[in-house]
Each structure stands twice: as C-alpha cells, then as structure tokens.
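Here is the structure:
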C-alpha cells in the first residue's frame, strides 16, 4: 500500500491556527481528500484538492502539491468542536481512484 | 434523506459463528467500500466495489467476504469470525470512482463488532 504519514497528535489553543501535514508516496495525479472524524463517529468530508495549490473554505483551507506528495490542512480560529481526528486520503497510485486509502489520522485537541 | 445505513450498530458474537453486517445507500452510488478502524492503525480498506457484480480486495481482505448483487446494498460477511476481527467497521459509498471529480465518500454510522 501507500506510505502515508501524518503527525499522530497535535494540541492547540482555542482561537489559534493549526496546520496538519500529510505526506505520501504516489505517482497519482487525481485529487486528495481531507476528512474529519469525531471520536466514536463516522468520518465526514472536509475538503478536496483536485489541482495543486490552496483551496479555502471558511475557517478551513487545504493545500496540495502532487509533485512533492504533500498536503496540509489549515484550521483557523480554532473552536472546541474542532477537537477531532483529521484524515487525509491521497491520490491512488493507479490514477483511477477506486482505492480510497487513508492516512493514519491526526488527533487534534483544542484547549480552552 | 441521503444516507448510508449500516446494521447493526453493535454486535457481540462468538468465534466461528457466521455473521453479516448490512450496508445500504439511497444515493444511487456506483462505488461502495468497507473499512475497519483499530486504535493506532487508522482506517483500513477491506473490500470495495466499483459497481454491481464488481468487487475487489482492499488492504486487509482476509477473513471477509462481500457481495454486490444490487447497486444499493453491499453486505460484509464474516464466515468464521475470530477475536482479531473485533473492530469498528464502516461502510462508505461515493458517486463515481474516478477521483478527478469531487465525489467524496459518504460513511455509515459504523458497526462495533466484538468477537469473543
């Protein structure tokens, strides 16, 4: 399978900004997804990057560089409800996209 | 309401007793997939299906079977469950398998399985 790397845990303060990185080894050129998962719940879709560059969506932004196998999720104005795990799903090596494989996830704790 | 429905939510069983976890989606999605999630190991794909009668192995298929006889249903079958299959299972679906489009996965609420 792919080698997808994310930090295991991060901690930040309410109102702050945090960047969660995702690196992967693949030659795929399709899009990368980010999902949010609260403890004990199903993952939910956060963002999608089909092209290289930054996609902004309210308090959340996501960046992708396919040539470098690198993405990050930027969360601004952190709120307590942002405490969750964040999963990246990079482009698959076969360029077709049916094999949705996830990174190990980053557990973010937002402190008051 | 568009959704992926998994049943049951919780299941406790004994080693060797065959079980089926059902998954149904009402969004006319072509792609469906099963994952298991274990602490420290993240979401791992078990099987996926591109369309009716088309299934393929994911990263951890051993001990599992699936079928896709109808577009909306994608049951996960454990013929002879073992304790190492104790896990949280998620079913997911998406509109198209081609990720050049923004077609994210929609997940069911999960099934927590315990095999004793």
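Chains as they are written, first to last, in this note's numbering: chain A, 24 to 135; chain B, 1434 to 1549.
From the three backbone atoms N, C-alpha and C, an ideal C-beta is built for every residue, glycine too.
Predicted model only: the values in this text are computed from it and were never measured.
Please report the straight-line C-alpha distance between residue 1459 of chain B and residue 1435 of chain B, rounded to a whole angstrom. 6 Å
Chain-ordered neighbours of residue 65 of chain A on chain B, where CB pairs are closer than 7 Å: 1523, 1540, 1541, 1542 and 1543
DSSP three-state call for residue 104 of chain A: helix, strand or coil? helix
Taking C-beta to C-beta, are residue 1444 of chain B and residue 1544 of chain B nearer than 8 Å? yes
Taking 8 Å as the threshold (beta carbon to beta carbon), is residue 1408 of chain B in contact with chain A? Beyond the ends of chain B as shown, which are 1434 and 1549, falls residue 1408 of chain B; an answer cannot be given.
For residue 53 of chain A, three-class secondary structure by DSSP: coil
Quick check: the region 59-76 of chain A against the region 32-44 of chain A, are at least 3 beta-carbon pairs closer than 8 Å? no
With a threshold of 8 Å between beta carbons, is residue 1517 of chain B in contact with chain A? no
What residues in its chain sit with their C-beta under 6 Å from that of residue 87 of chain A, if we drop five residues either side in the sequence? 55, 72, 75 and 94
Could you give the uninterrupted runs of the beta strand (DSSP E) lying entirely in the region 1478-1515 of chain B, keeping only those of 3 residues or more? 1487-1490 and 1509-1511
Under 8 Å between the Cβ atoms of residue 106 of chain A and residue 85 of chain A? no
Cβ neighbour criterion (16 or more within 10 Å) applied to residue 1526 of chain B: buried
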